[in-house]
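*Asks:* Provided herewith is a single structure, encoded as structure tokens, for subsequent inquiry.
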Amino acid sequence: MKITRTADIPDDSTDPESGTSVTILSTEAYLFLKKVTTIILPAIASLYFGLAAIWDLPAAEQVVGTIALITTFLGVTLSLSSSRYNHSTLAHQGNIVVQEDAGGVSGYVLELNGDPELLRDHESVTFKVKRPGE
Numbered sequence: 019m020k021i022t023r024t025a026d027i028p029d030d031s032t033d034p035e036s037g038t039s040v041t042i043l044s045t046e047a048y049l050f051l052k053k054v055t056t057i058i059l060p061a062i063a064s065l066y067f068g069l070a071a072i073w074d075l076p077a078a079e080q081v082v083g084t085i086a087l088i089t090t091f092l093g094v095t096l097s098l099s100s101s102r103y104n105h106s107t108l109a110h111q112g113n114i115v116v117q118e119d120a121g122g123v124s125g126y127v128l129e130l131n132g133d134p135e136l137l138r139d140h141e142s143v144t145f146k147v148k149r150p151g152e
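Rendered as structure tokens:
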């Protein structure tokens, strides 16, 4: 296996290959909205719906319906941001390039998107597999 180092990944959310922004949200905003969308808003909706039934609070269906619509909108926004990120080079620490010689024997080249020493700071790493003809 041969290891090569490609261009450093910038600190922002710009894809080094295309030069375009790949995320809709910053990491901090994404994580905050993910928690709000998956935990906080559904909990508030359930709490209000249950208390409305017990205490005869007004407009339970309207309140829960409104929260559901907001949650759906935020979920779609998070999904779009996540999809754009996952299809960018920022989602991977590099590539595993599959190469075949004339006899059909496969070899592999590991291309890193930065300093190999930085990998030690990650709990896990992800590589994109590039096959011949891709």
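Residue numbers (our numbering): 19 to 152.
A virtual CB, placed ideally from N, CA and C, is assigned to each residue, including glycine.
Which residues in the same chain have their Cβ closer than 6 Å to the Cβ of alanine 63, if we skip the five residues on either side of it in sequence?
*Replies:* In the sequence shown, residue 63 corresponds to position 45, counting from 1. Excluding positions up to five away in sequence, the list reads Val82, Ile85.
*Asks:* Under the assumption that histidine 110 contacts asparagine 131 (Cβ atoms under 8 Å), give the Cβ distance between them as a whole number of angstroms.
*Replies:* In the sequence shown, the residue the question calls residue 110 occupies position 92. In the sequence shown, the residue the question calls residue 131 occupies position 113. 7 Å between Cβ atoms; contact.
*Asks:* With which residues is glutamine 117 paired in a DSSP beta bridge?
*Replies:* Walking along the sequence shown from the start, residue 117 turns up at place 99. DSSP, once it has assigned bridges, lists Gly125 as partnering glutamine 117.
*Asks:* If we ignore side chains and look at the alpha-carbon of each, how far apart do aspartate 75 and tyrosine 66 end up?
*Replies:* For this step, residue 75 is matched to residue 57 along the sequence shown. For this step, residue 66 is matched to residue 48 along the sequence shown. In the sequence under discussion, the amino acid at residue 75 is leucine, which differs from the aspartate named in the question. Approximately 8 Å between the Cα atoms of the pair.
*Asks:* Do tyrosine 48 and leucine 108 have their CB atoms nearer than 9 Å?
*Replies:* Here the question's residue 48 lines up with position 30 in the sequence shown. Here the question's residue 108 lines up with position 90 in the sequence shown. Contact flag unset, no.
*Asks:* Taking DSSP's pairing of strands, which residues face glycine 112 in a bridge?
*Replies:* Translated into positions along the sequence shown, residue 112 becomes position 94. Note: glycine 112 sits in a beta bridge opposite Leu130, Phe145.
*Asks:* According to DSSP, simplified to helix, strand and coil, what is alanine 25?
*Replies:* In the sequence shown, counting from the first residue as 1, residue 25 sits at position 7. Because the pLDDT of alanine 25 is 43, which lies under 50, any placement of that residue in the model is unreliable, and the number read from its coordinates should be weighed accordingly. Looking at alanine 25 - three-state DSSP - the assignment turns out to be coil, as it is neither helix nor strand.
*Asks:* Less than 9 Å between the beta carbons of lysine 148 and valine 116, yes or no?
*Replies:* Walking along the sequence shown from the start, residue 148 turns up at place 130. Walking along the sequence shown from the start, residue 116 turns up at place 98. Remark: C-beta atoms of lysine 148 and valine 116 approach each other more closely than 9 Å.
*Asks:* Roughly how many angstroms separate the alpha carbons of threonine 22 and threonine 45, rounded to a whole number?
*Replies:* Working through the sequence shown from its first residue, we reach residue 22 at position 4. Working through the sequence shown from its first residue, we reach residue 45 at position 27. Bear in mind that the predicted position of threonine 22 carries a pLDDT of just 49, short of 50, making it too unreliable to give a figure here.
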